[in-house]
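Using full-length UniProt numbering, read the sequence shown as starting at 1 and increasing by one per residue. Here a beta-carbon is modelled for each residue, glycine too, at the ideal position from N, C-alpha and C.
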Amino acid sequence: MTLPIVLTVSSYDPTGGSGVNADLKAFQNLGVYGMSAITSLTAQNSSGIKDVLEIPDDFLEEQLKSIFDDTIPFAMKSGMITSIPMIEMLTKYVKQYHIPFVVDPYIFTRDGQRIISEETTSVLKQQLLHHAAVVTPNINEAKSLTGIDIETEKDIETAAKIFLREIGVKAVIINDSNMTGEACDYLYTKTTSLKLTEAIVQTKNKRGSGSTFSAVITAEIAKGNSLEDAFRKAKRYVTAGLKNSLDIGKKNGPLNHFIDITSFV
1 MTLPIVLTVS SYDPTGGSGV NADLKAFQNL GVYGMSAITS LTAQNSSGIK DVLEIPDDFL
61 EEQLKSIFDD TIPFAMKSGM ITSIPMIEML TKYVKQYHIP FVVDPYIFTR DGQRIISEET
121 TSVLKQQLLH HAAVVTPNIN EAKSLTGIDI ETEKDIETAA KIFLREIGVK AVIINDSNMT
181 GEACDYLYTK TTSLKLTEAI VQTKNKRGSG STFSAVITAE IAKGNSLEDA FRKAKRYVTA
241 GLKNSLDIGK KNGPLNHFID ITSFV
């Protein structure tokens, strides 16, 4: 028996709500075999990130080499990438193995704190993004990467054009959970666009929703599904996870990965 193999390259969360911890839960629920390479260890909980310890670049290289020497993932995603050498390393692997790659450009914490430097963000934009099958920024990340203010749907369209035409990405999904009063996600490619809308789920327990969204897309691409179908699945999965979110911790808990996906497949 075999399963599609999916790799996540991101941070470790000791409370299990975000980063590779969230990704691996989503992978398992979606029936793919998850692997992970850790970029950083975080000290965080439901109240926020307390500290970040970067994994040495050469040790990340050893993790990736251990994986790719043994098997080639069907698809991979990245989350928190904290240094320029890490970006260069990922670029090397993506170019060498030509596997579908999803970039979740984790730049800010949920409360708006910048988690990677502007210099690292610039290198991310210049070297890595155009190798991705799709990039999945939220509004703040899209602002940082495109350099424009985003206040309206028209601004989102303008940002998407910058991603596609200037940065050179193949596809971008911009998440807006507040601006329009609805939970909207916008997919743009060079030839198509698709907007998915749901009512905003009223819950404080949203930790890991961004990681999970990109993880679902990666898993579905690994199964051979189209980007549009993966996008729809990710939207339904995260919405269901938020509707059934978990009261874990004193403040903002995680969405629920243990949902019955057969109800919306």
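Original post:
What distance in whole Å lies between the Cβ atoms of Tyr-106 and Ser-72, which are believed to be in contact at a cut-off of 8 Å?
Top reply: For the sequence presented, residue 72 should be read as Ile rather than Ser. About 25 Å; that fails the 8 Å criterion.
Subject >> Proximal residues to Val-216 (C-beta, below 8 Å), its chain only, five neighbours per side dropped >> reply: Ala-26, Leu-30, Ala-230, Lys-233, Ala-234, Tyr-237 and Val-238.
Original post:
Within the chosen definition, does the segment 58-74 reach the segment 41-49 through at least 3 CB pairs nearer than 8 Å?
Top reply: Flag = no, the segment 58-74 and the segment 41-49 do not touch.
**OP:** Taking only the alpha-carbon atoms, compute the straight-line gap between Thr-197 and Asp-58 and give it to the nearest angstrom.
**Re:** So the two alpha carbons sit approximately 42 Å from each other.
Subject >> Own chain partners of Leu-129 with C-beta closer than 7 Å, once the 5 adjacent residues on each side are dropped >> reply: Taken in chain order, the residues that qualify are Val-103, Val-135, Ile-167 and Val-169.
Subject >> Residue span of the beta strand (DSSP E) that contains Gln-113, given as start and end >> reply: Gln-113: not part of any beta strand (DSSP E); DSSP gives it neither H nor E.
Original post:
Does the ligand PLP have even one heavy atom less than 7 Å from the beta-carbon of Pro-85?
Top reply: As far as ligands go, the structure on display features none, and thus does not contain the ligand PLP.
Original post:
Can you name, in chain order, every residue of its own chain whose Cβ lies under 6 Å from the Cβ of Thr-189, other than the five neighbours on each side?
Top reply: Correct list, in chain order: Ala-171.
**OP:** Would you grab the beta carbon distance between Asn-205 and Asn-252 for me? Rounded to a whole angstrom, and I think it's under 8 Å.
**Re:** Distance from Asn-205 to Asn-252 at the Cβ level is roughly 6 Å; contact confirmed, criterion being Cβ atoms closer than 8 Å.
Original post:
What beta strand (DSSP E) runs, 3 residues minimum, are completely inside the segment 66-152?
Top reply: Runs of the beta strand (DSSP E) inside the segment 66-152: 75-78 and 101-103.
Original post:
Within 10 angstroms of its Cβ, does Arg-207 collect 16 or more other Cβ (buried), or is it exposed?
Top reply: Its Cβ being crowded by 16 or more others within 10 Å, Arg-207 is buried.
Original post:
Which ranges would you report for the alpha helix (DSSP H) in the segment 19-66 if only whole runs of at least 4 residues count?
Top reply: As summarised for the segment 19-66, the continuous alpha helix (DSSP H) elements at least 4 residues long and confined to that stretch are 19-29, given in chain order.
Subject >> Cβ distance (whole Å) where Ala-142 is taken to contact Ile-174 below 8 Å >> reply: Between Ile-174 and Ala-142 the Cβ distance is about 5 Å, and since that is below 8 Å, they are a contact.
Original post:
How long is the line joining the alpha carbons of Glu-220 and Met-35, rounded to whole angstroms?
Top reply: Taken atom to atom, the span from the alpha-carbon of Glu-220 to that of Met-35 is near 15 Å.
Original post:
Less than 8 Å separating the beta-carbons of Ile-139 and Asp-176?
Top reply: Asp-176 sits close to Ile-139, with the two beta carbons spaced by under 8 Å.
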